[in-house]
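Encoded as structure tokens, the structure appears first; notes follow it.
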Amino acid sequence: MKMIGVYTKNFSLYHDIIDAINDRGLEFVVLPKPDRVPSRVGVVITSSLEKGNIACKHVVAADNFRTVNNALDKALQILRGKERYKEIIIGVDPGEYPGVALLGDGEVIQTWCVSSPSAAVTLVEQIVHGYDADKKIIR
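Everything in the sequence shown is counted per the working numbering, starting at 1091 for the first residue and increasing by one.
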């Protein structure tokens, strides 16, 4: 699978993107110039102001999303070859520390363990609003 490229001169956004990528243990490359994107890069995360300068077919403007993690989710979706999911399923394992799983077209996208049932509700709402799919199921 190809990797994520990161390019932005926005210092704060850069660090937010890098932190989100590192938190998930993903491989990435920092691009020194927007017009030179290595062939191993499948998507570039940048700012909305710099998006037009990136020489890559797939570009995600992180500041157009609610959170940098939502932008990273979109970049990973593109790397998986999915512009849009037909169906997402959000599974909730109830309890004192609920677990939440997100599946896109039958494939596990991400899992979380949250601190409370109210945190699970907030996370599910973010997922519902942050993912583009024809059908959204919560179980």
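A virtual CB, placed ideally from N, CA and C, is assigned to each residue, including glycine.
Evaluate residue i with the Cβ neighbour count: other Cβ atoms within 10 Å of its Cβ, from every protein chain shown; 16 or more gives buried, anything less gives exposed.
i	result
I1111	buried
K1246	The structure shown does not extend to residue 1246, since the chain is modelled only from 1091 through 1229, so no value can be given for it.
V1198	exposed
N1154	exposed
D1113	exposed
T1136	buried
So, is the C-beta of residue i closer than 7 angstroms to a C-beta in chain C?
i	result
K1226	Here chain C cannot be found, since the structure has a single protein chain.
In the DSSP output, which residue or residues are listed as bridge partners for residue i?
i	result
Q1200	L1192
G1095	V1119 and V1134
I1228	I1180
A1210	Its beta-bridge partners do not exist; DSSP assigns none.
So, for residue i: in the same chain, excluding its five sequence neighbours on each side, which residues have a beta-carbon less than 6 angstroms away from its beta-carbon?
i	result
K1164	V1150
Among the residues of its own chain, which have a CB less than 7 angstroms from the CB of residue i, if the five just before and after it don't count?
i	result
A1210	V1182, P1188, V1190 and V1204
L1116	I1094
Run through the stretch 1102-1190 for me and flag every whole alpha helix (DSSP H) of 4 or more residues, listed as ranges in chain order.
-> 1158-1169
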